[in-house]
Amino acid sequence: MIIGLHHAQITIPKGTEAEGKDFYCNVLGLPEIEKPDSLKGRGGFWLQVGDISVHVGTEAGFDRLQTKAHLAYQVEDVSYWRNKLEENGIEIIDSVPIPNFERFEFRDPFGNRVEIIKEL
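Residues in the sequence shown are numbered consecutively from 305, following our numbering.
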């Protein structure tokens, strides 16, 4: 029996951890959590999102613009995030409407698709 979601993982290009931390920790405001010592040599970093962690790994030779795979961050104020991302030079992509949800998408600086969503 599956009882929950422990973590999700995305990847960024090898060697871009500093830029990744700047975007995810400073722009999105997600706190970094320490990786276990046994995994520190593999690159990347981990983030805390509510009671779930997001593992940001590194991967070379992958075109992130060619996939619809994504994480959706649940927020309280969609307009706040739209404005904050635009202020940081992130292009907003309007999503196909879903009843009872307000949402939009964007690509992080590495091409990963990301969704911001609020249940109405």
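All C-beta atoms in this analysis are idealised placements derived from N, C-alpha and C, irrespective of residue type, glycine included.
Beta-carbon proximity of residue i to residue j, cut-off 8 Å
i	j	result
Ile394	Arg407	no
Asn416	Arg368	yes
Glu323	Pro413	yes
Glu419	Ser399	yes
Gly354	Gln313	no
Ile396	Arg386	yes
His374	His311	no
Local conformation of residue i per DSSP, three classes
i	result
Lys388	helix
Leu424	coil
Phe327	helix
Leu334	coil
Expected contact under 8 Å - CB spacing of residue i and residue j to nearest Å
i	j	result
Lys325	Ala364	Incorrect: roughly 19 Å between the Cβ atoms, too far for contact.
Residue closest to residue i, alpha-carbon to alpha-carbon, out of the options
i	options	result
Gly348	Glu321, Pro340, Asn404	Glu321
Leu424	Arg411, Pro403, Gly354	Pro403
Asn392	Met305, His310, Phe327	Phe327
**Prompt:** Which runs of the beta strand (DSSP E) spanning at least 3 residues fall entirely within the stretch 360 to 409, listed in chain order?
**Reply:** 374 to 378, 396 to 398
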